[in-house]
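K.L.:
Can you read through this structure? Questions will come right after.
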Amino acid sequence: MSRSKSLFRSLICPPSSESIARAANAILEGKLIGMPTETVYGLAARGDMESAVDKIFAAKNRPRSNPLILHVADVEDAEHLFDIDASGIIAARLKRVHRFWPGPLTVVGPRDSQILDHVTAGGDTVAVRVPDHPVALELLRELKRLASRPIPVAAPSANRSNYISPTAPEHVAEGLGEEVAMVLDGGLCRVGLESTILFLGNASSSPRVLRSGGLSAEQLSEALGEPVGAPRQIQSSDSGDASPVAKESFVAAPGQFAKHYSPNTPVVLLSNDSGFAEQNSELPQNTTVPAPRVLRIVFGPLTREVSQGASEVWTLASDGRLERAAFELYGALRKADEGQFDRIEVVPCEETGIGIAIMDRLRRASQQE
Ligand code: AMP
Ligand code: MG
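Residues in the sequence shown are numbered consecutively from 1, following UniProt numbering.
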C-alpha cells in the first residue's frame, strides 16, 4: 500500500461513542467528515454554517447550482426545516410519507426562512432526509445534544462530482482523504444507491419523484393516496451538463444531470435483444491493434451467451435479486475502473422496483462528455 493510501485509511474510525463524539465536535467546528448512511456515504458538514457548506462544494468540485440534502435525526426535526401551513395539502402529504423515515427517502418542499441559500442553491425549496443508519442517527443525536438544538447536516455523496458514489468507508478515504477530518466506519451501505427524491408538489400540482431510488413511485403513491409523477428518464441521445435534459430538469430537479455517477473507463449499455458479441465491435477485424479488454456486467446467471466477446464477465446478483445488485453496483464499478479494462459493457436489468434506479444510474454513467 502506498504511504498516502495507508495515511488516508487511518482516517477511518470504528463507530465507537468516542469517535462519534469526535465526529460531532468536528462538524460543530465547521469541518467535513465521512458519514455512513444506508444509501451511500455522505460528505457531512453542518448545514447551518455557510463556511462549512462552502467546504463541501470546494471538496467535491460541485457546481453551486446543485443543492444539498439536509439530514436530521427524526421526523419532528425534519418538519421544522419546511415552511408549511399545518392545515394545508403539503403538510398532509408530508405526514403521509413520514412512515418511510428513517429511510432512503428525500423530501423536497417549501423551505423554512432559516435555511441557507448555500444549501438550496438559492431556490425556494429544501431537500430533507432522516437516514436509516445507526451511526448516522447517533451522530445526529450527539450533535443535537452538544448544541442543545437540532443541527441539520448537509451531506451529499462523499465523492468528487460526477464520479461513482461511495458505498464503503475506504471509497471515501481514498477519494476525499485530504478533505475530511475523519470517516466513521459504518460498514457497507445496505441500499447502495442514492435516496429516492420526492417533490411534494403544491396546491395545484401533484407530488413527483425527481430521482429514482430504493423506494418506488408506486410505494409512495400508495402512501399518499394519490398519483405520483415519475422522473423523466434520460435518453441515450442526451449528453453532458449543457444538454436539453439538464436544462429541462434544472427547473424541478437541479443537479440531476444527464452525465453522472461515471467511472473513467467508458461504460456502454448493450441492448438485450441481439447477440452481445456483435454489439459495439467498432474495431476492424484482422488488424494488428490488440483487442480491447472488455468487462461485461450482467444481472442474473452467467450464460455462454452473455459471455460472448468479453474478456471478463461479472454478475451482480446471480440469484436475480435486484436489491442485491444495487448493493453491489457501485463497488463493482469502482473495481472495474482500476485500469484493467478499456470498456465496461452492461447488459441491462429489468426495470422494475429498484431496477429503475439501477438503470437510471447506468444510463447516466454511460453518457459521453
Ligand atoms: P446528492 O448529491 O446525492 O446528495 O443529491 C442531491 C440532489 O438532491 C441534488 O442533485 C438535487 O437533484 C436534489 N435536490 C436537493 N435539493 C433540492 C431541491 N431544493 N429541489 C430539488 N431537488 C433538490
Ligand atoms: Mg452525489
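Just so you know, even glycine gets a beta-carbon here, dropped at the ideal spot from N, CA and C.
In this text the structure is predicted, and so the values were computed from the model without any measurement.
1. Where are the beta strand (DSSP E) runs, 3 residues long or more, that stay fully inside the stretch 132-209, in chain order?
2. Could you have a look at residue 115 and say whether DSSP puts it in helix, strand or coil?
3. Does the distance from the CB of residue 40 to the CB of residue 47 come in under 8 Å?
4. Is residue 341 helix, strand or coil by DSSP?
5. If you measure from each CB to the nearest heavy atom of the ligand MG and keep those under 7 Å, what residues do you get, in chain order?
6. Between residue 302 and residue 320, what straight-line distance do the alpha-carbon atoms span, to the nearest angstrom?
7. Return yes when at least one heavy atom of the ligand AMP lies under 7 Å from the C-beta of residue 352, else no.
8. Just mark residue 37 as buried or exposed, buried being the case when its beta carbon has 16 or more other beta carbons within 10 Å.
9. Would you call the stretch 189-204 and the stretch 74-91 touching, i.e. three or more CB-CB distances under 8 Å?
10. So what's residue 91 in DSSP terms, helix, strand or just coil?
11. Quick check: the stretch 220-228 against the stretch 123-131, are there 3 or more CB pairs under 8 Å?
12. Relative to the C-alpha of residue 176, which candidate in 308, 314, 11 and 266 has its C-alpha closest?
13. When you measure from the CB of residue 106 to every non-hydrogen atom of the ligand AMP, does any distance come out below 7 Å?
14. Applying the 10 Å Cβ sphere with the 16-neighbour rule, what's the burial state of residue 95?
15. Can you give, in chain order, each stretch of the beta strand (DSSP E) that sits fully within the stretch 34-62 and has at least 3 residues?
16. Any contact between the stretch 19-27 and the stretch 155-173? By contact I mean 3 or more CB pairs, one from each, below 8 Å.
17. Measuring alpha carbon to alpha carbon, tell me which residue in 363, 213 and 165 is nearest residue 195.
18. Let me check understanding here. Comparing Cα to Cα, which of 322, 362 and 339 lies closest to residue 353?
19. From the DSSP output, which residues share a beta bridge with residue 265?
20. Between the C-alpha atoms of residue 101 and residue 75, what's the straight-line distance to the nearest angstrom?
21. Using only the heavy atoms of the ligand AMP, determine whether one of them is closer than 7 Å to the beta carbon of residue 344.
22. What does the Cβ neighbour count give for residue 256, buried or exposed, with the cut at 16 atoms within 10 Å?
23. For the ligand GTP, any of its heavy atoms closer than 7 Å to the Cβ of residue 123?
24. Using 8 Å as the threshold, is the stretch 295-311 in touch with the stretch 134-150, meaning 3 or more CB pairs across them?
25. Using a threshold of 7 Å, is the CB atom of residue 68 nearer than that to any non-hydrogen atom of the ligand AMP?
26. Smallest Cα separation from residue 370: which of 43, 153 and 208?
27. Just verifying my parser: in three-state terms, what is the DSSP assignment at residue 378?
28. Taking DSSP as the reference, what is the three-state secondary structure of residue 327?
29. Can we count residue 172 as close to the ligand AMP, meaning its CB is less than 7 Å from some heavy atom?
30. Can you name, in chain order, every residue of its own chain whose Cβ lies under 7 Å from the Cβ of residue 144, other than the five neighbours on each side?
P.N.:
This is what the structure gives:
1. When DSSP assignments are scanned along the stretch 132-209, the uninterrupted stretches of beta strand (DSSP E) that are 3 or more residues long and fall wholly within it turn out to be 196-199.
2. On the sequence shown, position 115 is the one that residue 115 refers to. Here residue 115 sits in coil by DSSP.
3. Stepping through the sequence shown from its first residue, residue 40 is reached at position 40. Stepping through the sequence shown from its first residue, residue 47 is reached at position 47. The Cβ-Cβ distance between residue 40 and residue 47 does not fall below 8 Å.
4. In the sequence shown, the residue the question calls residue 341 occupies position 341. Three-state DSSP puts residue 341 in coil, outside helix and strand.
5. The set of residues whose C-beta lies within less than 7 Å of a heavy atom of the ligand MG reads, in chain order, 156, 157, 159, 165 and 194.
6. Here residue 302 corresponds to residue number 302 of the sequence shown, with the count starting at 1. Here residue 320 corresponds to residue number 320 of the sequence shown, with the count starting at 1. Whole-angstrom Cα-Cα distance: 11 Å.
7. Within the sequence shown, numbered from 1, the residue matching residue 352 stands at position 352. Because no heavy atom of the ligand AMP lies under 7 Å away, the Cβ of residue 352 does not count as near it: no.
8. Along the sequence shown, read from residue 1 onward, the residue named residue 37 stands at position 37. Buried is the call here.
9. These segments touch.
10. As a position in the sequence shown, residue 91 is number 91, starting the count at 1. Reduced to three states, the DSSP call for residue 91 is helix.
11. Short answer: they don't touch.
12. For the purposes of this step, residue 176 is identified with residue 176 of the sequence shown, where counting begins at 1. Relative to the Cα of residue 176, the nearest Cα in the group 308, 314, 11 and 266 belongs to 11.
13. Locating residue 106 in the sequence shown gives position 106, where the first residue counts as 1. True, at least one ligand heavy atom lies under 7 Å from that Cβ.
14. For the purposes of this step, residue 95 is taken as the residue at position 95 of the sequence shown. It is exposed - the Cβ of residue 95 has fewer than 16 other Cβ atoms within 10 Å.
15. Counting whole runs of 3 or more residues, the stretch 34-62 contains the beta strand (DSSP E) stretches 42-46.
16. Judged by Cβ distances under 8 Å, the stretch 19-27 makes no contact with the stretch 155-173, as fewer than three pairs qualify.
17. Here residue 195 refers to the residue found at position 195 of the sequence shown. Relative to residue 195, the option among 363, 213 and 165 whose CA is nearest is 213.
18. Mapped onto the sequence shown, residue 353 falls at position 353. Nearest option by C-alpha distance: 322.
19. Reading the sequence shown from its first residue, position 265 is the one you call residue 265. The partner list for residue 265 (beta bridge, DSSP) is empty, contrary to what the question assumes.
20. Residue 101 sits at position 101 when you count from the first residue of the sequence shown. Residue 75 sits at position 75 when you count from the first residue of the sequence shown. Rounded to the nearest angstrom, the gap between the Cα atoms of residue 101 and residue 75 is 7 Å.
21. Within the sequence shown, numbered from 1, the residue matching residue 344 stands at position 344. Result no, Cβ not under 7 Å from the ligand AMP.
22. Looking up residue 256 in the sequence shown gives position 256. Buried, since its Cβ has 16 or more Cβ neighbours within 10 Å.
23. Absence of the ligand GTP is noted for the structure shown, with the ligand AMP and the ligand MG being the only ligands found.
24. Cβ pair count under 8 Å is below three, so no.
25. Taking the first residue of the sequence shown as 1, we reach residue 68 at position 68. Here the distance from the Cβ of residue 68 to the nearest heavy atom of the ligand AMP is below 7 Å.
26. Since the first and last residues shown for the chain are 1 and 369, residue 370 lies out of range.
27. Outside the modelled stretch of the chain, which goes from 1 to 369, sits residue 378, for which no answer is possible.
28. One-based indexing of the sequence shown puts residue 327 at position 327. Here residue 327 sits in helix by DSSP.
29. Within the sequence shown, residue 172 is the residue found at index 172, counting from 1. When distances are taken from the beta-carbon of residue 172 to the heavy atoms of the ligand AMP, even the shortest one reaches 7 Å or more.
30. In the sequence shown, residue 144 corresponds to position 144, counting from 1. The answer, listed in chain order, is 73, 150 and 151.
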